[in-house]
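Participant:
Residue numbers (the numbering used here), protein chains in the order written: chain F, 1 to 358; chain E, 359 to 632.
#1: Would you mind telling me which residues of chain E sit closer than 9 Å to residue 210 of chain F, beta carbon to beta carbon, in chain order?
#2: Is it buried or exposed for residue 184 of chain F, if we count other Cβ within 10 angstroms and need 16 for buried?
#3: Note down the Cα distance separating residue 595 of chain E from residue 512 of chain E, rounded to an integer number of angstroms.
#4: Could I get the ranges of all uninterrupted beta strand (DSSP E) runs contained in the stretch 163 to 205 of chain F, with 3 residues as the minimum, in chain order?
#5: Over what stretch of residues does the alpha helix (DSSP H) that includes residue 590 of chain E continue unbroken?
#6: At least one CB of chain F closer than 8 Å to the CB of residue 400 of chain E: is that the case?
#7: Using the Cα positions of residue 620 of chain E and residue 77 of chain F, report the straight-line distance between them to the nearest angstrom.
#8: Just list the alpha helix (DSSP H) runs in the stretch 205 to 264 of chain F, keeping only unbroken ones of 4 residues or longer that don't cross its boundaries, in chain order.
#9: Which of the three DSSP states is assigned to residue 266 of chain F in this structure?
#10: Could you work out which residues of chain E lie near residue 354 of chain F, taking near to mean beta carbons separated by less than 7 Å?
#11: Measure how close the beta-carbons of residue 177 of chain F and residue 220 of chain F come, nearest whole angstrom, since I'm counting them as under 8 Å.
#12: Our contact map puts residue 256 of chain F next to residue 246 of chain F with C-beta atoms below 8 Å; I'd like the distance itself, whole angstroms only.
#13: Three-state secondary structure (DSSP) at residue 356 of chain F?
#14: Starting from residue 145 of chain F, trace the beta strand (DSSP E) in both directions and tell me its first and last residue.
#15: Considering Cα atoms alone, identify which of F/210, F/232 and F/127 is closest to residue 287 of chain F.
#16: Answer yes or no: does any C-beta atom of chain E fall closer than 8 Å to that of residue 339 of chain F?
#17: Could you tell me which residues DSSP puts in a beta bridge with residue 47 of chain F?
#18: Could you name the residues of chain E that residue 215 of chain F contacts, counting a contact when the two beta carbons are closer than 7 Å?
#19: Does residue 350 of chain F get closer than 8 Å to chain E when you measure Cβ to Cβ?
#20: Just list the residues that DSSP pairs residue 305 of chain F with in beta bridges.
#21: Looking at the strands, I want to know which residues DSSP matches up with residue 442 of chain E.
#22: Hey, is residue 24 of chain F's beta-carbon within less than 8 Å of any beta-carbon in chain E?
#23: Tell whether a beta-carbon distance below 8 Å holds between residue 522 of chain E and residue 429 of chain E.
#24: Going by other Cβ atoms of all chains shown within 10 Å of its Cβ, with 16 needed for buried, is residue 367 of chain E buried or exposed?
#25: Taking 8 Å as the threshold (beta carbon to beta carbon), is residue 359 of chain E in contact with chain F?
#26: Here's the rule: buried if 16 or more other CB atoms are within 10 angstroms of the residue's CB, otherwise exposed. What is residue 94 of chain F?
#27: Could you give the distance in angstroms between the alpha-carbon of residue 28 of chain F and the alpha-carbon of residue 65 of chain F?
#28: Is the separation between the beta-carbon of residue 382 of chain E and that of residue 606 of chain E shorter than 8 Å?
#29: Are the C-beta of residue 471 of chain E and some C-beta of chain F separated by less than 8 Å?
#30: Examine the Cβ distances between the stretch 551 to 566 of chain E and the stretch 516 to 531 of chain E and report whether three or more of them are shorter than 8 Å.
#31: To which residues of the same chain is residue 583 of chain E closer than 8 Å at the C-beta, ignoring the five residues directly before and after it?
#32: Rank F/154, F/44, F/341 and F/297 by C-alpha distance to the C-alpha of residue 168 of chain F and give the top, closest one.
#33: For the alpha helix (DSSP H) holding residue 482 of chain E, just list the boundary residues, first then last.
#34: In whole angstroms, what separates the C-alpha of residue 298 of chain F from that of residue 305 of chain F?
#35: Residue 335 of chain F by DSSP, collapsed to three states: which one?
#36: Spatial neighbours of residue 589 of chain E within its chain, please: C-beta separation below 6 Å, excluding the five flanking residues on both sides.
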């Protein structure tokens with residue numbers, strides 16, 4: 001952990017220099033912009049922030065942790081990567097070492113007993129879209145599964161619906177699909193003509209009948225990086241890919257793009273594990289993550305969408321079309337039913353594995 | 359105290375290591391597998407009644423078994439060449455065999471993807487020279503999994519074989535041919551039996567390590583190429599289902615143990631016959 005501490009201190013210094021260079025001081029920002037979290041003095045206090053590592057956690061460090069450290073004086077130590085089993089084990093043992101953790105919606109919904117209630121007198125969630133607020137967690141990003149395609153492979157006739165993605169005559173060759181029941185059930189049903197509002201409860205048999213029709217025309221991926229490679233190299237013409245991953249490949253120059261039609265949105269939550277040693281600091285930290293400026297900073301780096309509508313004013317024009325929560329993009333898709341998946345993930349995953357073996 | 363007993367204390371570090379790092383966790387797994395959610399064998403009943411668990415166990419044993427055979431077929435000539443090569447060539451061969459050990463398994467698997475995919479080097483060359491009209495599916499199937507695993511596990515076969523072969527006296531083979539055996543017969547009746555200890559050790563190492571693979575089948579495999587480690591990981595990471603995951607781990611452990619008891623028994627019988 002010593003290394004992490006040095007890392008955090010270094011980036012804090014880096015943040016301070018950059019904000020000074022921009023002629024913006026954190027204290028000046030704090031005054032008069034409703035940034036209550038920034039006015040609190042937490043010097044000498046610390047907390048541990050755990051997330052998924054890589055460029056994602058680096059962006060969170062820059063967007064949430066550094067401004068929080070600069071304004072409050074608290075030290076935020078980076079740790080991770082997040083692992084469900086590790087988190088569950090540390091909470092059950094009664095001695096979690098993480099204070100704030102980034103978890104997926106299904107993990108939060110399936111394990112609510114593992115987390116502290118948010119203190120909404122400290123965390124001001126009033127400005128947020130309430131669809132992304134949970135008693136135990138604040139939605140930190142919204143991401144989506146999208147229909148993605150490589151224009152070198154498919155030409156100008158790009159897929160417009162999941163039915164197109166499942167149409168092996170219109171789009172011959174392999175397609176890249178996610179090797180998980182979540183969200184393949186929704187995708188298969190929409191491809192079979194079910195409207196998003198009629199999806200739940202899912203008609204599982206119908207979904208598998210639809211999947212049977214294309215099962216030999218698919219590369220099933222379990223790694224998002226591998227999926228990016230498939231699209232970038234033109235190994236597949238069409239398929240499903242996360243919006244942020246599509247943005248990333250596209251930005252690097254590959255002829256890969258997406259449509260927002262029938263997008264499936266999901267949320268990552270920040271939560272406080274039950275018994276977290278620095279829960280009080282963590283509650284203040286939560287308040288910093290809902291800040292519009294901080295959320296905009298996150299979006300500008302990785303194109304994962306803010307949950308605070310006020311953040312959109314500060315997102316760069318070139319990034320806005322990639323975000324899952326802009327009104328135009330959001331109305332073309334729907335938010336996945338995390339409560340349904342909480343209740344059914346176990347049996348549906350078993351059935352998924354059985355289907356793969358068949 | 360006899361001389362033998364006096365040196366027993368040398369085993370203490372090993373016994374402690376095995377006790378703390380193996381026996382304790384395994385008994386913990388065993389206990390969780392029969393005590394949750396209630397005492398009983400319900401987790402084992404689940405495994406043996408659901409096609410998914412039996413199917414994946416069978417997959418795992420087949421993939422590990424075929425990997426072992428392929429490693430033996432490829433590793434034998436490599437080890438033989440290493441023994442009989444000049445020192446400089448031998449060093450080069452050792453280096454080449456060891457390279458996969460020094461590369462991260464993720465990097466290696468991604469490298470295979472780039473080489474094997476439809477637009478990859480191999481398909482480009484083969485279609486370029488007109489040998490095939492359409493690119494072949496070399497990855498996202500069983501072939502890709504086996505290729506990736508054989509490459510990684512080959513050193514486990516080559517080095518035990520090399521160690522045994524280097525000690526085989528060449529005059530045995532010459533004596534056999536002098537006495538009228540054809541080279542093929544001399545190889546199968548004299549040389550190969552002398553290599554068996556190395557082959558056995560290598561096969562055991564490759565097979566056991568292969569049983570636990572999960573990154574390679576996840577990245578290079580197709581729809582049906584699920585191995586047991588992937589299921590165990592999924593049960594724990596996704597569902598926190600320690601009892602079922604523990605039962606799966608115990609089944610794998612006991613299954614492997616049984617398999618080796620059988621192999622040991624068979625080879626003893628054979629030795630008795632000779």
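Cβ coordinates follow ideal geometry from the N, Cα and C atoms, glycine included.
Facilitator: Concretely, from the data shown:
#1: By 1-based counting over the first chain, the position of residue 210 of chain F is 210. For the C-beta of residue 210 of chain F, not a single chain E residue is nearer than 9 Å; the gap to the nearest is close to 15 Å.
#2: Start at 1 with the first residue of the first chain, and residue 184 of chain F comes out as number 184. With at least 16 other beta carbons inside 10 angstroms of its own, residue 184 of chain F counts as buried.
#3: The residue given as residue 595 of chain E occupies position 237 in the second chain. The residue given as residue 512 of chain E occupies position 154 in the second chain. When rounded, the distance between both Cα atoms is 30 Å.
#4: Listed in chain order, the complete beta strand (DSSP E) runs (minimum 3 residues) inside the stretch 163 to 205 of chain F are 175 to 178.
#5: Numbered from 1 along the second chain, position 232 holds the residue referred to as residue 590 of chain E. Here the alpha helix (DSSP H) through residue 590 of chain E covers 586 to 597.
#6: Taking the first residue of the second chain as position 1, residue 400 of chain E is located at position 42. Taking 8 Å as the CB threshold, residue 400 of chain E stays off the interface with chain F.
#7: By one-based count along the second chain, residue 620 of chain E stands at place 262. By one-based count along the first chain, residue 77 of chain F stands at place 77. Distance from the CA of residue 620 of chain E to the CA of residue 77 of chain F, rounded to the nearest whole angstrom, comes to 53 Å.
#8: Complete alpha helix (DSSP H) runs here, min 4: 224 to 232 and 243 to 251.
#9: Residue mapping note: residue 266 of chain F aligns to position 266 of the first chain, counting from 1. Residue state, collapsed to three classes: strand.
#10: By one-based count along the first chain, residue 354 of chain F stands at place 354. Under the 7 Å cutoff, chain E gives 409 and 410.
#11: Residue numbering aside, residue 177 of chain F sits at position 177 when the first chain is read from its first letter. Residue numbering aside, residue 220 of chain F sits at position 220 when the first chain is read from its first letter. Residue 177 of chain F to residue 220 of chain F, Cβ: 6 Å. Contact.
#12: Translated into positions along the first chain, residue 256 of chain F becomes position 256. Translated into positions along the first chain, residue 246 of chain F becomes position 246. Contact holds; Cβ gap of about 6 Å.
#13: Stepping through the first chain from its first residue, residue 356 of chain F is reached at position 356. Collapsing the DSSP output to three states places residue 356 of chain F in a helix.
#14: Walking along the first chain from the start, residue 145 of chain F turns up at place 145. Per DSSP, the continuous beta strand (DSSP E) segment holding residue 145 of chain F begins and ends at 137 to 150.
#15: Taking the first chain and counting its residues from 1, the one referred to as residue 287 of chain F is at position 287. Ranked by Cα distance from residue 287 of chain F, the first of F/210, F/232 and F/127 is F/127.
#16: Residue numbering aside, residue 339 of chain F sits at position 339 when the first chain is read from its first letter. Chain E contact via Cβ: absent.
#17: For this step, residue 47 of chain F is matched to residue 47 along the first chain. In DSSP, residue 47 of chain F forms a bridge with F/76.
#18: Position 215 of the first chain, counting from 1, holds the residue named residue 215 of chain F. Residues of chain E whose Cβ lies closer than 7 Å to the Cβ of residue 215 of chain F are, in chain order, 581.
#19: The count along the first chain starts at 1 and reaches residue 350 of chain F at position 350. It does: the Cβ of residue 350 of chain F has a partner Cβ on chain E nearer than 8 Å.
#20: In the first chain, counting from the first residue as 1, residue 305 of chain F sits at position 305. According to DSSP, which records beta bridges pairwise, residue 305 of chain F is partnered with F/142.
#21: The residue given as residue 442 of chain E occupies position 84 in the second chain. By DSSP's assignment, residue 442 of chain E forms no beta bridge with any residue.
#22: Working through the first chain from its first residue, we reach residue 24 of chain F at position 24. Here residue 24 of chain F scores only 42 on pLDDT, less than 50, and its place in the model is too uncertain to base an answer on.
#23: Indexing the second chain from 1 puts residue 522 of chain E at position 164. Indexing the second chain from 1 puts residue 429 of chain E at position 71. For residue 522 of chain E and residue 429 of chain E, no; Cβs fall outside 8 Å.
#24: For this step, residue 367 of chain E is matched to residue 9 along the second chain. Exposed: under 16 other Cβ atoms inside 10 Å.
#25: As a working note, residue 359 of chain E is residue 1 in the second chain. Reliability fails at residue 359 of chain E, whose pLDDT of 49 lies under 50, so the model's placement of it is uncertain and the value that follows must be treated cautiously. False, the Cβ-Cβ gap to chain F never drops below 8 Å.
#26: Indexing the first chain from 1 puts residue 94 of chain F at position 94. Exposed: under 16 other Cβ atoms inside 10 Å.
#27: Translated into positions along the first chain, residue 28 of chain F becomes position 28. Translated into positions along the first chain, residue 65 of chain F becomes position 65. Reliability of the predicted coordinates at residue 28 of chain F is poor, the pLDDT of 42 falling under 50, and the value obtained from them is presented with this limitation in mind. Rounded to whole angstroms, residue 28 of chain F to residue 65 of chain F spans 18 Å at the Cα level.
#28: By 1-based counting over the second chain, the position of residue 382 of chain E is 24. By 1-based counting over the second chain, the position of residue 606 of chain E is 248. Cβ distance not < 8 Å, so residue 382 of chain E and residue 606 of chain E don't count as in contact.
#29: Residue 471 of chain E sits at position 113 when you count from the first residue of the second chain. Output row for residue 471 of chain E: interface = yes.
#30: The stretch 551 to 566 of chain E makes contact with the stretch 516 to 531 of chain E; the number of CB pairs closer than 8 Å reaches 3 or more.
#31: Walking along the second chain from the start, residue 583 of chain E turns up at place 225. The residues are 417, 421, 499, 500, 503 and 575.
#32: Here residue 168 of chain F is taken as the residue at index 168 of the first chain, counted from 1. Nearest C-alpha to residue 168 of chain F: F/154.
#33: Position 124 of the second chain holds residue 482 of chain E. That run of the alpha helix (DSSP H) goes 479 to 486.
#34: By 1-based counting over the first chain, the position of residue 298 of chain F is 298. By 1-based counting over the first chain, the position of residue 305 of chain F is 305. Rounded to the nearest whole angstrom, the CA to CA distance from residue 298 of chain F to residue 305 of chain F is 8 Å.
#35: The residue labelled residue 335 of chain F in the question sits at position 335 within the first chain. Of the three classes helix, strand and coil, the one that applies to residue 335 of chain F here is strand, per DSSP.
#36: Taking the first residue of the second chain as position 1, residue 589 of chain E is located at position 231. Short of 6 Å from the beta carbon of residue 589 of chain E, and not among the five residues preceding or following it, lie these beta carbons of its own chain, in chain order: 414.
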